[in-house]
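Residue numbers (our numbering), protein chains in the order written: chain A, 1 to 213; chain B, 214 to 426.
Working notes for the structure below.
2 protein chains.
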Amino acid sequence: MNSTSTSTNKFEQLADLKQKSIIDASVNEFANNGFKNASVNKIVEEAGISKGSLFNYFKSKNLLFDHIYQIALREVKTYLAKVRDESKNDDFFTRFSKIINSGIAFINKHPRLAKIYFRLLNSDDSPHGKVIVQKLHSEAIRYLTQFVETGIERNELRSELNPTTVAFLMESTLNRILQVHYLEIIDTKSELSKIDNNWIDEIVDTLKMGLSK
Amino acid sequence: MNSTSTSTNKFEQLADLKQKSIIDASVNEFANNGFKNASVNKIVEEAGISKGSLFNYFKSKNLLFDHIYQIALREVKTYLAKVRDESKNDDFFTRFSKIINSGIAFINKHPRLAKIYFRLLNSDDSPHGKVIVQKLHSEAIRYLTQFVETGIERNELRSELNPTTVAFLMESTLNRILQVHYLEIIDTKSELSKIDNNWIDEIVDTLKMGLSK
DNA sequence: TTAAATAATGACCACCCGGTCATTATTGTT
DNA sequence: AACAATAATGACCGGGTGGTCATTATTTAA
C-alpha cells in the first residue's frame, strides 16, 4: 500500500519506468496548462498508455493532480529543510541569502515543478487550491519566524522586532525574487538572470540596514 | 470611433445600459473563471443578449477580454495617480503607507477587478499575459523609484540606497499585503481583515528602521 | 406605407472534454 | 496446453466549447 491515498495500489505496483513516464507526462501537462486546462487525453498520449488504464490507476483527474502536486511540495520542503540544517551556524543575513539562493537553485533544477508550485500559489483553478495556499503561507511564515527568533536570540537582530512582521517581509521578498527569476528562466530557458548574487546581497543588505537616515 | 481597437465601433454605439450589462457580465465571468475557463455562453446569458450579437460587438473572446482587462488597468492607474498627487507633501514613509492603503481601498471597492488583476499577474492563461505582466512590473518599479528618489532628495532616506532595489522591496511588500488582503475579503466578503493600519505601520516601520542592531 | 438597411437571434458546426465499460490481450496457475 | 484471473484498450457517452450565418425582427428613409 501507499502512504498517500491519491493513487490506487495499482499505480504503485506498476513498473518504475511506466510510473515515471506517467508522472512525467502529467507534470508536463499540468505545468503548462494548470489543472482545468490540462488534458487527460494529452497526458495518456504522451505517456503512451490508454485512457482506461490511467483511470484505472487514478480514479479521477483530481486525484492524479493531487498525486503530482504532492510530489512538487515534497521536493520544495526537502530543499527548505536542507538549507535550514546546513546554515545552522551562519548569521541571520547569510542564512536568508542562502534560503533565497536555495529557492533559485530549486527553480533551475525543477522548472516544471516550480511552475506547478506557482500556479498553485497564484490561481484557484486547482482542487483544494485555496486550502493549500493558506497552509503553505502559514507554513512559510512559521519556518521564517523560527529564523527570526533565532536571530534575535543570537543578538543579530533588534530585540524590539516583531518576528511575525519580519517573517512577513522576508516571505514577501523571497516570493517576489523567486517569481521574477522563474518568469525569466521560463522565457529564456537559460539560467542566467538579473537575479544574481550581487542583486540578492543588495536586497538583503537594504533590509538589514533599513531605509531611514 | 474608439480610442482602443478591442471593441468594434458597434459596441460603442450601443445604449449605455446595454454596454454596462455586457461589461458587467464579462467582468463577473472572467473574474470568477479566468480567461480560458470563462464561458462566452454564460456571459451572453447573464447579459441578456444573443451570442451572435456579442461576436458582432467583439470579434473574439480574446478581444472581449482585452477590453475588460484594460478597464481594470485603467482603474488601477487612476488610483495610483490619485494617491501620488494627494500625498505630494507627505514624507516618504507616510506616502508608502498611503499607497498601501489606497491599494486596499481599491480592492474593497472593486473586488472583481482586483480578481482579474491578480489573475493577470499570476497565471498565464490570458492572451498576452506574459507581456502584460512584465509591463506592469516595470511600470510599478518606475512608479516607486520616483518616490524613492524624491525621498533621497528630501534627505528622508539614506543617500547610499539604490532606488531600484528599494523600489523592488517596496513592490514585493505591497504586492504581498494586497494579495493577503484580497484573499481574505474574497473569502469572508467582509472588509475586516488582519491587514489593518497598525499592521501596515509596523511593516513600514520595520522597513524604515532595518533589521540589524 | 412600403421597401431597403441594419441589428439581433439561436440552431448549428467541428472539436474537445472527463469518464465508462464491453472487449481484447496478457499473465499466472495448474 | 488449457483455463482463469488480471490488465490494457479505445470506441463511446453526455456535455461543454468558441465561433458562424441563414433567418427573423427592428429601425430608418422615401
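In this text, a Cβ means the ideal position worked out from N, Cα and C, and glycines have one as well.
For the region 304-322 of chain B, the beta-carbon criterion of a distance under 7 Å to any beta-carbon of chain A is satisfied by none of its residues. From the beta-carbon of B:Thr386, the residues of chain A found nearer than 7 Å are Leu169 and Ser172. Residues of chain A whose Cβ lies closer than 7 Å to the Cβ of B:Asp338 are, in chain order, Gly34 and Asn37. A Cβ-Cβ separation of about 4 Å places B:Phe224 in contact with B:Tyr270 under the 8 Å criterion.
Fully contained in the region 220-270 of chain B are the following alpha helix (DSSP H) runs of length 4 or more, in chain order: 222-225, 229-246, 253-260 and 264-270. Ranked by how close their Cα comes to the Cα of A:Tyr182, the residues A:Thr145, A:Ala114 and A:Pro127 have A:Ala114 in first place.
Using a CB distance cut-off of 8 Å, B:Val289 does not count as an interface residue toward chain A. Within chain B, Gly423, Leu424 and Ser425 have C-beta atoms less than 8 Å from the C-beta of A:Lys208, given in sequence order. With contacts defined by Cβ atoms closer than 8 Å, A:Ser172 and B:Arg389 form a contacting pair. For A:Leu157 and A:Gly151, the gap between their C-alpha atoms comes out near 6 Å. For the pair of segments examined, the region 255-269 of chain B was found not to touch the region 343-351 of chain B: the number of CB pairs separated by less than 8 Å stays below three.
Assigned with DSSP and collapsed to three states, B:Leu424 falls in coil, not helix or strand. At a beta-carbon threshold of 7 Å, the residues of chain A lying near B:Val379 are Thr206 and Leu211, ordered along the chain. Rounded to the nearest whole angstrom, the C-alpha separation of B:Phe305 and B:Asp414 is 13 Å. A:Asn62 and B:Lys343 have their alpha carbons spaced roughly 27 Å apart.
Contact of B:Ile416 with chain A by beta-carbon distance below 8 Å involves Thr165, Phe168 and Leu169. A:Leu64 and A:Ile132 have their alpha carbons spaced roughly 16 Å apart. Secondary structure of B:Leu374 (DSSP, three-state): coil. Straight-line spacing of the CA atoms in A:Val166 and B:Lys272 works out to 49 Å.
Think of a sphere of 8 Å around the beta carbon of A:Leu161: the chain B residues whose beta carbon falls inside it are Thr419 and Leu424, in chain order. Taking the Cα positions, B:Lys322 is about 11 Å away from B:Val289.
Cβ atoms of A:Gly210 and B:Met383 stay farther apart than 8 Å, at about 13 Å. Within the region 134-160 of chain A, the residues whose Cβ lies closer than 9 Å to any Cβ of chain B are, in chain order, Gln134, His137, Val148, Gly151, Asn155, Glu156, Leu157, Arg158, Ser159 and Glu160. Here the C-alpha atom of A:Leu80 lies approximately 10 Å from the C-alpha atom of A:Phe106.
If you draw a straight line from the Cα of B:Ser372 to the Cα of B:Val417, it comes to about 19 Å.
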